[in-house]
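Start counting the sequence shown at -9; every next residue gets the next number (this note's numbering).
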Amino acid sequence: MSNKERIGKSLDLLRQGLYPYVKQKMQADYGDEWVDNAGSYLRDYQKVKQELETILQEDTSALLTVIARDKVFKRKTGLSRPDLARVSELREIRNQWAHQATFSIEDTYRAIDTVLRLLKSIESAQVKAVEKQRQQVLRLLAQEQSGYDIDPVAVSPV
-9 MSNKERIGKS LDLLRQGLYP YVKQKMQADY GDEWVDNAGS YLRDYQKVKQ ELETILQEDT
51 SALLTVIARD KVFKRKTGLS RPDLARVSEL REIRNQWAHQ ATFSIEDTYR AIDTVLRLLK
111 SIESAQVKAV EKQRQQVLRL LAQEQSGYDI DPVAVSPV
């Protein structure tokens, strides 16, 4: 699996974890109008002939855009400043990924770790899958840096 594929997998897990969180937070604030409010940040997406809710369910970039722009996520009941910084970083990672950027193993580890930290902060069900992915990349990073094959048990959490 390439680093780009690893990042793509983590972004997909991020999407799966973010959608229910975004929906819950926005419904609590906007009620039945939550999709329309989210859509106000997605003008470019509206050129695509899709329902806004479908776009939100299927597009990591759309979810990250809404989180970055809507006040719901900036309140005390929303995300912390470090989490909002992670959202910004993940928007950039996702854009690089979508535009065929090349990722080093270090970049891949950082991207997956950032996904993991954001998912942990929202208590997402996808945390375990991303933790496993991060451990695999950590093993590869250790192999690359040492020049030796590393036993996966050696880098497993205690």
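Glycine is no exception: its CB is placed at the ideal position from the N, C-alpha and C atoms. Keep in mind that this is a model prediction, so the values were computed, not measured.
- DSSP, read as helix, strand or coil, puts aspartate 73 in helix.
- Valine 127 is not a Cβ neighbour of isoleucine 83, given a cutoff of 9 Å.
- With a cut-off of 8 Å on Cβ pairs, the region 58 to 78 is in contact with the region 107 to 116, counting three or more such pairs.
- Its chain contains Tyr99, Ile102, Asp103, Leu106 as the residues whose beta carbon lies nearer than 8 Å to that of arginine 124, once the 5 sequence neighbours on both sides are disregarded; these appear in chain order.
- Counting only runs that start and end inside the region 28 to 68, there is no beta strand (DSSP E) element of at least 3 residues.
- The Cβ atoms of alanine 88 and valine 56 do not sit closer than 9 Å to each other.
- Secondary structure note for alanine 115: it is in no alpha helix (DSSP H), with a DSSP letter that is neither H nor E.
- Excluding residues up to 5 positions away in sequence, Ile57, Leu69 lie with their Cβ nearer than 6 Å to the Cβ of phenylalanine 63 in the same chain.
- Secondary structure of serine 94 (DSSP, three-state): coil.
- The distance from the Cβ of alanine 52 to that of leucine 32 is about 6 Å, consistent with a contact at the 8 Å cut-off.
- If you look at glycine 21, you'll find it isn't in any alpha helix (DSSP H); DSSP assigns it neither H nor E.
- By the CB criterion at 9 Å, asparagine -7 and threonine 67 fall outside the cutoff.
- For glutamate 134, the CB contacts under 6 Å within the same chain, skipping 5 residues up- and downstream, are Ile95 in chain order.
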